[in-house]
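Protein chains in written order, with this note's numbering: chain A, 10 to 344; chain B, 13 to 262. Beta carbons are placed, not taken as given, at the ideal position from N, Cα and C, and that holds for glycine. Step one of this worksheet: look at the structure below.
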């Protein structure tokens with residue numbers, strides 16, 4: 010029965026290329042070492058000293074582990090979840106064993122025994138994996154929710170009915186253009202109804218933006234002027250679906266439609282190093298009572314960016330010089 | 013022949029309505045008497061068009077359909093109004109409650125024909141229904157002159173003063189007479205305006221200060237000193253405590 014499973018979040022390994030994941034691993038392991046140190050000695054000074062010794066041993070090991078996992082993450086992600094977990098534990102243990110051997114050659118007997126080190130490594134790796142598993146689980150209702158919200162909020166009924174109305178007006182005068190507009194609408198809705206949990210390529214998201222813009226142009230004519238600055242956009246970059254389209258829709262809905270004159274909208278997407286930057290800018294009109302819907306859409310996007318990129322994504326809005334601007338920054342990921 | 017005026021900010025939407033009006037021409041003879049792409053333009057063109065029915069989009073730049081309808085209602089030979097909307101839950105609920113006619117976009121020919129017939133027979137919608145449906149204060153007051161409607165932005169108004177049958181609308185530049193009741197105006201604009209006297213509402217933003225006058229045999233009272241207008245307005249003894257408090261909050 011696929012209908013029951015359709016909202017379940019598939020079990021996946023943590024993304025070892027994500028800075029936030031690395032940070033969590035480092036913090037958790039050091040906290041563990043600190044607790045261990047206090048457990049062994051109750052006085053503060055010797056406990057801290059013990060922790061320093063432990064950290065001196067632990068930190069290089071952790072870094073090596075993280076680097077190896079970073080490098081192997083693409084391979085690991087291809088394995089079935091449980092096999093992936095086993096592989097991660099195996100990698101962690103193997104590295105720990107090798108590291109133990111190397112360090113032992115320098116410091117000799119002062120080190121904890123090999124079996125003890127390996128046992129702790131296995132336990133720690135398994136606990137961390139369990140933690141990330143729970144973390145994903147905890148977010149999965151939010152993800153399902155976000156998807157639902159997205160369905161309702163991403164394309165406004167206002168836009169749908171007005172577009173259909175505009176297409177109806179075209180049918181007699183320009184049947185060819187009417188056909189194209191219906192195809193554009195179909196594409197928009199296909200994306201809208203697609204699985205919102207999968208990454209899409211930036212090139213596809215841009216194509217969607219252009220389809221959407223085409224329809225709005227039909228409705229608004231000269232009132233809508235969009236400048237596209239996409240030359241430096243990395244078409245192979247990955248991002249969550251429907252992140253940019255709602256922003257462009259907001260720009261039109263709040264910045265162009267309520268104005269009596271023409272409105273200039275700017276869409277700029279570019280890559281600098283391993284970051285992708287997107288900016289959408291529109292005239293800031295102070296007609297009251299419109300910002301509530303906008304904020305909801307922004308929250309929705311912010312939430313989804315966080316679900317996909319954790320702390321590595323950023324969304325900011327700015328008002329200045331009569332313009333309203335949304336900036337998005339995400340890590341540059343490729344297929 | 014029903015004279016129809018179309019107000020919608022989207023060109024394809026106006027085109028669609030024109031087509032439909034033509035389609036139902038044999039059943040409901042009609043002619044397009046005028047078109048406008050926003051509220052202000054509609055108010056400029058409506059009086060000369062002698063339209064009997066106004067097909068009015070709700071969401072329009074400049075001035076929305078609901079406010080436009082309230083100004084139109086003050087016209088001599090005001091047209092009947094049929095609201096047209098793609099999707100506006102609140103407006104639709106308000107229309108249902110106030111028994112105002114509306115059509116949903118995309119509009120069907122049969123529904124348009126029915127609405128047109130009904131509107132032409134029914135005449136202009138009552139002001140109170142429009143007021144109730146709008147639910148928000150207007151941004152303009154309108155003065156119906158013979159061949160045009162003059163709009164006075166509410167934010168430009170310094171004070172409103174009731175004279176026998178009319179209310180004087182005073183801006184820094186000039187004054188207008190409108191046929192509305194001061195009580196209704198006070199209710200609508202209770203935020204930006206404050207009552208200082210039985211017959212007078214003053215824009216809070218325009219109050220510069222107060223002055224005490226009289227004394228001697230004449231009874232002393234307070235007067236409002238206004239921004240940009242030399243005239244002083246008396247504050248009645250009854251309103252003084254409330255006025256002083258309201259303005260202190262400013």
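Look up residue i in the DSSP assignment and say whether it is helix, strand or coil.
i	result
residue 272 of chain A	strand
residue 241 of chain B	coil
residue 35 of chain B	helix
residue 329 of chain A	strand
residue 189 of chain B	strand
residue 338 of chain A	strand
residue 62 of chain A	helix
residue 99 of chain B	coil
residue 208 of chain B	strand
residue 69 of chain B	strand
residue 294 of chain A	coil
residue 112 of chain B	coil
residue 21 of chain A	coil
residue 88 of chain A	coil
residue 94 of chain B	strand
residue 213 of chain B	strand
residue 171 of chain A	helix
residue 324 of chain A	strand
residue 79 of chain B	helix
residue 247 of chain B	coil
residue 165 of chain A	coil
residue 26 of chain A	coil
residue 309 of chain A	helix
residue 303 of chain A	helix
residue 344 of chain A	coil
residue 181 of chain A	helix
residue 113 of chain A	helix
residue 88 of chain B	coil
residue 97 of chain A	helix
From the options, pick the residue whose C-alpha is nearest to that of residue i; which is it?
i	options	result
residue 195 of chain A	A/181, A/212, A/274, A/169	A/169
residue 81 of chain A	A/311, A/97, A/57	A/97
residue 47 of chain B	B/40, B/123, B/183, B/28	B/28
residue 100 of chain A	A/74, A/113, A/260	A/74
residue 5 of chain B	B/164, B/205, B/140	Past the boundaries of the shown model lies residue 5 of chain B; chain B is included only from 13 to 262, so the question cannot be answered.
residue 318 of chain A	A/333, A/340, A/77	A/340
residue 256 of chain A	A/173, A/186, A/287	A/287
residue 293 of chain A	A/314, A/277, A/280, A/266	A/266
residue 216 of chain B	B/203, B/131, B/125, B/225	B/203
residue 277 of chain A	A/251, A/252, A/239	A/239
residue 75 of chain B	B/172, B/19, B/232, B/87	B/19
residue 215 of chain A	A/85, A/279, A/190	A/279
residue 252 of chain A	A/141, A/273, A/335, A/187	A/335
residue 250 of chain A	A/316, A/109, A/114	A/316
residue 196 of chain B	B/241, B/159, B/139	B/139
residue 253 of chain B	B/242, B/226, B/30, B/222	B/222
residue 20 of chain A	A/39, A/35, A/89	A/89
residue 98 of chain B	B/115, B/186, B/65	B/115
residue 44 of chain A	A/34, A/32, A/57	A/57
residue 248 of chain A	A/237, A/208, A/281	A/208
residue 40 of chain B	B/191, B/122, B/137, B/136	B/122
residue 332 of chain A	A/272, A/283, A/322, A/305	A/272
residue 85 of chain A	A/274, A/183, A/211, A/22	A/22
Give me, in chain order, the residues of the same chain whose beta-carbon lies closer than 6 Å to that of residue i; leave out the 5 immediate sequence neighbours on both sides.
i	result
residue 311 of chain A	324
residue 121 of chain A	none
residue 61 of chain A	none
residue 11 of chain A	Confidence in residue 11 of chain A is poor, its pLDDT being 38 and thus under 50, which makes the residue's placement unreliable; the coordinate value appears in the next sentence. Correct list: empty, nothing qualifies.
residue 161 of chain A	Reliability of the predicted coordinates at residue 161 of chain A is poor, the pLDDT of 49 falling under 50, and no value is obtained from them.
Which same chain residues end up closer than 7 Å to residue i when comparing Cβ atoms and leaving out the 5 residues on each side of it in sequence?
i	result
residue 42 of chain B	13, 14, 16, 33, 128
residue 298 of chain A	Any reading at residue 298 of chain A must be qualified, since the residue scores a pLDDT of 46, below 50, and its modelled position is unreliable; the value itself is stated next. Same-chain partners within the cutoff: there are none.
residue 164 of chain B	152, 153, 155, 181, 183, 188
Against residue i, what residues of chain C qualify as contacts under a CB-to-CB distance less than 7 Å, listed in chain order?
i	result
residue 123 of chain B	Of the protein chains in this structure, namely A and B, none is chain C.
Return the chain-ordered list of same chain residues with a C-beta closer than 8 Å to the C-beta of residue i, the five sequence neighbours on each side being excluded.
i	result
residue 208 of chain B	214, 236, 245, 246, 247, 248, 251, 255
residue 270 of chain A	232
residue 221 of chain A	193, 197, 254, 257, 258
What are the complete beta strand (DSSP E) segments, minimum 3 residues, inside the stretch 210–285 of chain A? 233–238, 272–281
Report the residue ranges of all beta strand (DSSP E) runs contained in full by the stretch 116–179 of chain B; include only those spanning at least 3 residues, in chain order. 152–156, 161–165, 169–174
I'd like to know if the stretch 320–334 of chain A and the stretch 18–33 of chain B are in contact, where contact means that at least 3 CB-CB pairs between them fall below 8 Å. no
Check whether the stretch 143–159 of chain B touches the stretch 71–87 of chain B, counting contact only when three or more Cβ pairs, one atom from each stretch, lie closer than 8 Å. yes
Determine contact between the stretch 125–132 of chain A and the stretch 46–53 of chain A, defined as no fewer than three beta-carbon pairs at a distance below 8 Å. no
Stretch-stretch touch, CB-based, cutoff 8 Å, three pairs: the stretch 54–64 of chain B with the stretch 107–121 of chain B: With the cut-off at 8 Å, the stretch 54–64 of chain B and the stretch 107–121 of chain B do not touch.
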